[in-house]
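Only one structure is covered here, and it is reproduced in the block below.
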Amino acid sequence: MTRSDFFETLHYGLRSLPDDERDSIIKDLDEHIAVSLENGISEADAIDLLGNPNDIIEQYVQGTVAVPEREQQPSSQKTVFQSEPTQVTIEAKTRETRIQADFSI
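For my numbering, count along the sequence shown from 1 and bump the result up by 162.
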């Protein structure tokens, strides 16, 4: 799946959410792909690491994923570091939330 196809599917599937929430989700996922690309992961693999867009849509629409409101958490910090030769850790922090994802490459 191409990056364009991935985001087209997400945009359509998240259409029931408020525009600002949908745009925030898409922006965050696009940033994850950009970070992966910066760390030498191919676009296709970066998209695969995020998972099936339909599963992502289901989680957000059902409310099983907490989406921080940007107005309440204006500053955030994202850190990417190589923890092992084949292990990449992506960490995203806001004032109240910390998310860490470990990927084997």
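All C-beta atoms, glycine included, are put in the ideal place defined by N, C-alpha and C. Note that this is a predicted model, so its numbers are computed, not measured.
- Between the C-alpha atoms of Phe168 and Arg260 there is a straight-line separation of about 25 Å.
- Judged by DSSP in its simplified three-state form, Ile252 adopts strand.
- Note on geometry: alpha-carbon atoms of His173 and Gln262 lie some 24 Å from one another.
- By a beta-carbon distance limit of 8 Å, Ile187 contacts Leu176. Their separation comes to about 6 Å.
- For Ile203, there is no enclosing alpha helix (DSSP H), since its DSSP letter is neither H nor E.
- Under the three-state reduction of DSSP output, Arg177 falls in the coil class, being neither helix nor strand.
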